[in-house]
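This report refers to the structure that appears directly beneath it.
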Amino acid sequence: MKISEILNQKKPSLSFEVFPPKTTTAFDSVKAATEKIAELHPSFMSVTYGAGGGTSRYTIEIAKNIDKAHGVPTLAHLTCVSSTKDTVLDMISRLRDAGIENVMALRGDIPADVSGADKSLWTYHHATDLIREIKNSGADFCIGGACYPEIHPESSNQAEDIKYLCAKVEAGCDFLTTQMFFDNNLLYNFLYKIREAGITVPIIPGIMPITNANQLERAIKLSGCFIPQRFKSLVDRFGSDPLAMQEAGIIYATDQIIDLYANGITNVHVYSMNKPEVAEKIQSNLSYIIGK
Ligand code: FAD
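All letters in the sequence shown, in the order written, are residues -12 to 279 by my numbering.
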């Protein structure tokens, strides 16, 4: 099923993100965790793709398993930076052969050690280049793209970031999923600005439940997102007690999601990080709201 059809249903729904194993030995445990999340029958599940190889080789396998074994529509991520045209075209045909209907088209992070000379040899410099490649291939995917309520760390200002986001949507994005954020007002301000810029495709807010203090540090390092004092106090108070921190993080994320639904957002994507217990608790906290 295409994600655009799910988004058109215009009723509150919830989706989860998982990541593929980094090693062959971790494959079975990751597969089992993703299956447990699939048993919750979320509206869809996304499977990430490691930039520059790494975890990328299992993305299709995990996504296909979720779809075929559990009937949950999947969204397979695909990055393009530093990939050759042959690799990208091969991935597009493998995704199609696996029956996957939804692709999240991403640039990926630029490797730290790359030189300007290396970059000049690349075929793909931005997610927009990948979206055009997918469209040119003739494959009929529903295509998602990433967006950043607090701007992408490489952008010098929000106007520039939104200008490139408009180009990404024009290239063929059917929906956009946001980077994590911990203050919903940042999302509402962003929505106002992108709608004003003419972007009309559905926006899926991405919510990261922070269930331990180290995870928060990683999240800030990765995205540079703003942490409200209310959330900092919670980590200060419960960060050293794993179960209390997990409970508090799930409730904070649930509170953010309820506020989003209350303000007209229909689909929320949860960065569930292969944690079935977190996905299950969030979904059950919202059972009457999403009708599950
Ligand atoms: P782009 O859309 O290409 O944007 C990157 C930067 O380039 C921005 O600053 C943008 O403003 C600028 N830009 C865009 N077009 C142009 C242009 N034509 N000229 C000049 N500047 C331009 N990473 C992974 O490795 N695997 C994943 O599975 C993964 N999933 C993600 C899912 C979501 C929802 C999000 C938000 C991020 C994800 N990432 C993933 C991280 C992502 O790869 C990084 O944030 C990466 O740095 C940017 O990817 P992008 O697709 O947003 O890039």
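Ideal Cβ positions, reconstructed from N, Cα and C, are used throughout, including at glycine.
- Per DSSP, S142 is not a residue of any alpha helix (DSSP H), being assigned neither H nor E.
- Membership of I245 in any beta strand (DSSP E) is not indicated; the residue belongs instead to the alpha helix (DSSP H) covering P229 to A249.
- Your pair I(-10) and F31 checks out as a contact, with CB atoms roughly 6 Å apart and the cut at 8 Å.
- By DSSP's assignment, E4 forms a beta bridge with S33.
- Around the C-beta of Y111, 16 or more other C-beta atoms lie within 10 Å, and the residue is accordingly described as buried.
- Within 10 angstroms of the beta-carbon of Q243 lie 16 or more other beta-carbons, which makes it buried.
- For L93, DSSP records a beta bridge to T66.
- As a beta-bridge residue in DSSP terms, F162 pairs with G131.
- Between the alpha carbons of C160 and L152 lies a distance of about 10 Å.
- One alpha carbon belongs to A146, the other to E137, and they sit about 12 Å apart.
- Rounded to the nearest angstrom, the gap between the Cα atoms of Q216 and Y239 is 13 Å.
- The alpha carbon of H256 has as its nearest neighbour, out of K106, I269 and A249, the alpha carbon of I269.
- V5 places its beta carbon 7 Å or farther from that of N201.
- Around the beta-carbon of H64, 16 or more other beta-carbon atoms lie within 10 Å, marking it buried.
- When secondary structure is reduced to three states using DSSP, V156 falls in the helix class.
- With respect to the 7 Å criterion, A92 and I53 are not classified as neighbours on the basis of their beta carbons.
- Taking the Cα positions, R182 is about 23 Å away from L1.
- Note that the region 116 to 125 does not touch the region 55 to 62; fewer than 3 beta-carbon pairs, one per stretch, sit closer than 8 Å.
- Relative to F3, the option among G226, M195 and R224 whose CA is nearest is M195.
- The three-state secondary structure of H57, taken from DSSP, is helix.
- The beta carbon of G211 is closer than 8 Å to those of E137 and P140 in its chain, skipping five residues each way along the sequence.
- Rounded to whole angstroms, the separation of the alpha carbons of Y248 and L174 is 13 Å.
- Going by beta carbons, T21 and Y36 fall outside the 7 Å limit.
- Sorted by position in the chain, T35, Y36, A38, H64, T66, L93, R94, G95, D96, H113, A114, A133, H139, E141, S142, D148, Y151, T164 and Q166 make up the residues whose C-beta lies under 5 Å from a heavy atom of the ligand FAD.
- Look at I194 here: in three-state DSSP terms it is strand.
- Assigned with DSSP and collapsed to three states, N261 falls in coil, not helix or strand.
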